[in-house]
Structure formats: structure tokens, C-alpha cells
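So the sequence shown is numbered by the working numbering: it starts at 112 and just counts up by one. Beta carbons are placed, not taken as given, at the ideal position from N, Cα and C, and that holds for glycine. All figures in this text were calculated on a predicted structure; none of them were measured in a lab. Following: one structure in C-alpha cells, then a few remarks.
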Amino acid sequence: MLLGSAGCAIMPMSGPEDHVIKSEHTKNGPEYGLVTLTPTVVDILKEYGPGAIAGSFPDNRPPPSIKFGIGDVVAVSIFEAAAGGLFIPAEAGVRPGNFVALPNQNVDSAGFITVPYAGAVKAAGRTPSEIQQDIVKAIGNRAIEPQVVVSLITQNTSLISVLGEVNAPTRLTANAAGERVLDVISRAGGPKGQGWETWVTLERHGKRATVPFGALVYTPANNVWVHPGDTIYVYREPQIFLAFGASGQQGQFPFDMWKINMAQAMAKAGASWMAKRSRAACTSIAVSRASSQNG
């Protein structure tokens, strides 16, 4: 952005003219390269920016039901309508209830759990209700009106990784009720740094998008549902601007806030004295936002 006072016939240049760029070479420094704006290029650019997560992950439906995975610890309880059946002996009248709780077991490397009289039951990649139906079907002709409850005791899969500049980097178990990006970051202790210099990357199935932390707060569409297997990376990258020319102070200045306008940037650079100069004086300030994401 270039701001000049009235009366200047010639303004200092802060960048090359278009004919220099089109010639694809410079007198000093590396040569220019022109990039055609194609859908592929646009998709790459969408990875960063205030609406990157909302654009890259537009499906706003809650995450699917949590499914068991290899290594999860599972509990199985089997109920019968009356004593004297397959699992409840006839003399079980003193029992508090007509059910039996099987020992907790891991989903094995082949994805199965073992249930007496039902054999190996597929568990990996399935929900508790699906497993319950299979067990009831397997023992239905031998037990007395059986009912089965399958529950997850220790969740070793369906995890969410939260890494980087958070107070407690960790792998979190996915919440069956569903959580959004800010919820998961909060469970990891929240960001270490100030929000205006914090960036958040969400990666899912090899696809990722990055936004400033403030974009999660001020643009709710970016605060998408988190799915099991997602990785959230939080990092700090202070946003700065450069002031040079007749600006009072030359150099690099931090934003120190979520957004900054030209007047605030001029004040930070000590340029308030410019208002006292003659209206005919030729003055200018160049401010450039520096960021590895948005150039």
C-alpha cells in the first residue's frame, strides 16, 4: 500500500513496473516467473488464508460414530430373560441380575473379539450396536431371549493429535458427541502465545489448511467438526510490517493485534509528525505485510 501527499509529481517506486515483470528478467536479482492462474493454483492458494479451513473442509456435518479399532479394550455383558439359560444357571436366583460380564479384551490384530458360544466376532471398523446385533444373532437359538451390551473401556484408536504451541501437546480420544477445532485446542491446554500471532493447521487424510487463530473465532465457519484421525498443528508466526521512507522510523514493526490499519501502522512507525509538514512536501510511506503464508 502506497500513501503519498498531494503535490508529488513523482512517487518513489516500491516494486517493479508491469513491463519489467512481463520481460521475465531483472537487472539485479533473480528473474521473474509468470504463473498461470489455473484451478490447481487456486486450490494451492486456498490452503492458507482467513477462510482456508472452511473452504477446504466444507462438509459441516458432525463426525461419524466412533468405531472400534485394533487395540481398543472392549467390555461385553450378556443378559438373559431368565435363569437356566446358556449363561445364567438355574440356581442363580441369588444373583443381582440375570447377566454375565465377560472379561475385558483387546480387539486383536485381525480385528476380532471372542465371545463364548458366538466365537470370533468382527469388531474393528464397526460400532457397538453392530457388534451387539452379531452376538445376539449368534447365540439367539441357545440363550433365553439374549440381550448384549458392548462398550468401549479404553480407546486406543479414533485419536486426535494436537501438536505445536499448545500448553499440553497430546493425542486426545475422540468425543462421541463430537468436537470442533477450538474445543480440541482447549482440551490440549489452549495456545501458548497471543492469538494474533498464532496459526492453526488442520490435516485430514493428507489434505490440510491453515488459518490465523483469530479466523477460528471471528469466522465461525472455520471452526469445523474434528474427525478421528485428524491432526491439529498450532504454531506462532508474528505478523510484521515494514515502514520506510519519510516515516519517522525505518524498520520492521510487529502488528501486536489481530488486524492493523494504515493509521495505526503510521503511528507505530512514529509518523505522526508528518501532519506538520508542508502540504507541498513530497512524503510517502510504504507498508508491507510480511508472512510466509500470504506473501
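Item to complete: Assign Ser220 to one of two classes, buried (16 or more other C-beta atoms within 10 Å of its C-beta) or exposed (fewer than that).
Response: Here the question's residue 220 lines up with position 109 in the sequence shown. Within 10 angstroms of the beta-carbon of Ser220 lie fewer than 16 other beta-carbons, which makes it exposed.
Worksheet item: So what does DSSP say about Asp249, is it helix, strand or coil?
Response: Translated into positions along the sequence shown, residue 249 becomes position 138. Checking the sequence shown, residue 249 turns out to be Ala, not Asp. Ala249: helix per DSSP, three-state reduction.
Practice prompt. List the whole-angstrom C-beta distance separating Ile264 from Pro339, where the pair is believed to meet the contact cut-off of C-beta under 8 Å.
Written response: Residue 264 sits at position 153 when you count from the first residue of the sequence shown. Residue 339 sits at position 228 when you count from the first residue of the sequence shown. Incorrect: roughly 17 Å between the Cβ atoms, too far for contact.
Practice prompt. Return yes when the Cβ of Val261 is within less than 9 Å of the Cβ of Phe190, no when it is not.
Written response: Within the sequence shown, the letter at position 79 stands for residue 190. Within the sequence shown, the letter at position 150 stands for residue 261. The Cβ atoms of Phe190 and Val261 do not sit closer than 9 Å to each other.
Worksheet entry | Exposure of Asp170, with buried meaning 16 or more beta-carbon neighbours within 10 Å | Within the sequence shown, residue 170 is the residue found at index 59, counting from 1. Exposed is the call here.
Discussion item. Only counting the same chain, and skipping five residues up and downstream in sequence, which positions put a Cβ closer than 6 Å to that of Ala256?
Written reply: For the purposes of this step, residue 256 is taken as the residue at position 145 of the sequence shown. With the sequence shown as reference, residue 256 is identified as Glu, and Ala is not the correct amino acid for it. Excluding five sequence positions before and after Glu256, the CB atoms of its chain that fall closer than 6 Å to its own CB belong to Ala192, given in chain order.
Worksheet item: By how many angstroms is the C-alpha of Asn217 removed from the C-alpha of Pro184?
Response: Along the sequence shown, read from residue 1 onward, the residue named residue 184 stands at position 73. Along the sequence shown, read from residue 1 onward, the residue named residue 217 stands at position 106. Pro is not the amino acid found at residue 184; the sequence shown has Val there. Each residue's alpha carbon lies about 4 Å from the other.
Fill in: Buried versus exposed, by CB contacts within 10 Å (16 or more), Asn372
As a position in the sequence shown, residue 372 is number 261, starting the count at 1. Counting the other Cβ atoms within 10 Å of the Cβ of Asn372 gives fewer than 16, which makes it exposed.
Discussion item. Let me confirm a value: Glu107 is counted as buried when at least 16 other C-beta atoms fall within 10 Å, else exposed. Which label applies?
Written reply: This structure gives no information on residue 107, because the portion of the chain shown stretches from 112 to 406.
Worksheet entry | Whole-Å CB distance - Ser299 paired with Pro280, under 8 Å assumed | Taking the sequence shown and counting its residues from 1, the one referred to as residue 299 is at position 188. Taking the sequence shown and counting its residues from 1, the one referred to as residue 280 is at position 169. First, the residue type needs correcting, since residue 299 is Ala and not Ser in the sequence shown. About 6 Å separates the two Cβ atoms, so the contact holds.
Practice prompt. Could you check if Gly180 is buried or exposed, using at least 16 other CB atoms within 10 Å of its CB as the buried criterion?
Written response: The residue given as residue 180 occupies position 69 in the sequence shown. Gly180 comes out buried.
Worksheet item: Using the rule of at least 16 other Cβ atoms within 10 Å of the residue's Cβ for burial, across every protein chain shown, is Lys370 buried or exposed?
Response: As a working mapping, residue 370 is identified with position 259 in the sequence shown. So Lys370 counts as exposed.
Practice prompt. Output the boundary residues of the alpha helix (DSSP H) element that contains Arg298.
Written response: On the sequence shown, position 187 is the one that residue 298 refers to. Its alpha helix (DSSP H) spans residues 292-298.
Discussion item. Measuring only the C-alpha atoms, how far is Ala231 from Ala186?
Written reply: Walking along the sequence shown from the start, residue 231 turns up at place 120. Walking along the sequence shown from the start, residue 186 turns up at place 75. If you take the alpha carbons of Ala231 and Ala186, they lie about 14 Å apart.
Practice prompt. Using 10 angstroms around the beta-carbon of Thr149, count the other beta-carbons present and answer buried if the total reaches 16, otherwise exposed.
Written response: The residue labelled residue 149 in the question sits at position 38 within the sequence shown. Under the 10 Å beta carbon count, Thr149 is surrounded by fewer than 16 other beta carbons and is classified as exposed.
Worksheet entry | Given Pro174 as reference, the closest of Ile296, Gly195, Val292, Leu327 once Cα atoms are compared | Locating residue 174 in the sequence shown gives position 63, where the first residue counts as 1. Of the candidates Ile296, Gly195, Val292, Leu327, Val292 places its Cα closest to the Cα of Pro174.
Worksheet item: What does a CB cutoff of less than 6 Å around Ala392 pick up in its chain, not counting 5 residues either side in sequence?
Response: Stepping through the sequence shown from its first residue, residue 392 is reached at position 281. Summary for Ala392: the model assigns pLDDT 36, below 50, so the residue's position carries little reliability, and this model does not support an answer.
Worksheet item: Looking only at C-alpha atoms, which of Phe198, Ala235, His130, Gly144 sits nearest to Ala229?
Response: Position 118 of the sequence shown, counted from the first residue, corresponds to residue 229. Of the listed residues, the one whose Cα sits closest to Ala229 is Phe198.
Worksheet entry | Length at least 3, wholly inside the stretch 256-331: the beta strand (DSSP E) runs in chain order | Runs of the beta strand (DSSP E) inside the stretch 256-331: 258-265, 270-275, 281-284, 309-315, 318-323.
Worksheet item: From which residue to which residue does the alpha helix (DSSP H) around Lys178 run?
Response: Your numbering for residue 178 matches position 67 in the sequence shown. Segment: none, Lys178 is in no alpha helix (DSSP H) and carries neither H nor E.
Item to complete: Give the secondary structure of Thr151 by DSSP, where H, G and I count as helix, E and B as strand, and everything else as coil.
Response: In the sequence shown, counting from the first residue as 1, residue 151 sits at position 40. Of the three classes helix, strand and coil, the one that applies to Thr151 here is helix, per DSSP.
Worksheet entry | Exposure label - Ser269; buried when at least 16 CB within 10 Å | As a working mapping, residue 269 is identified with position 158 in the sequence shown. Ser269 is buried by the Cβ-count criterion.
Worksheet entry | Separation of Val277 from Leu145, as counted between CA atoms | Here residue 145 corresponds to residue number 34 of the sequence shown, with the count starting at 1. Here residue 277 corresponds to residue number 166 of the sequence shown, with the count starting at 1. Using only the alpha carbons, I get a separation of about 39 Å.
Worksheet entry | Length of the line joining the Cα atoms of Ser383 and Gly306 | The sequence position of residue 383 within the sequence shown is 272, counting from 1. The sequence position of residue 306 within the sequence shown is 195, counting from 1. Model confidence at Ser383 stands at a pLDDT of 45, short of 50, so the residue's coordinates are unreliable and nothing is read from them.
Discussion item. Mapping the DSSP letters down to three states, classify Gly166 as helix, strand or coil.
Written reply: Taking the sequence shown and counting its residues from 1, the one referred to as residue 166 is at position 55. The answer is helix: DSSP assigns Gly166 an H, G or I state.
Worksheet item: Apart from the five residues on each side of it in sequence, which residues of its chain come closer than 6 Å, Cβ to Cβ, to Glu408?
Response: Here the chain comprises residues numbered 112 to 406, so residue 408 is not present and cannot be evaluated.
Worksheet item: When you compare each of Ile351, Tyr344, Arg172 to Lys289 by their alpha carbons, which one comes out closest?
Response: Locating residue 289 in the sequence shown gives position 178, where the first residue counts as 1. Residue 289 is actually Gly in this sequence, not Lys. With distances taken between Cα atoms, Gly289 lies closest to Arg172.
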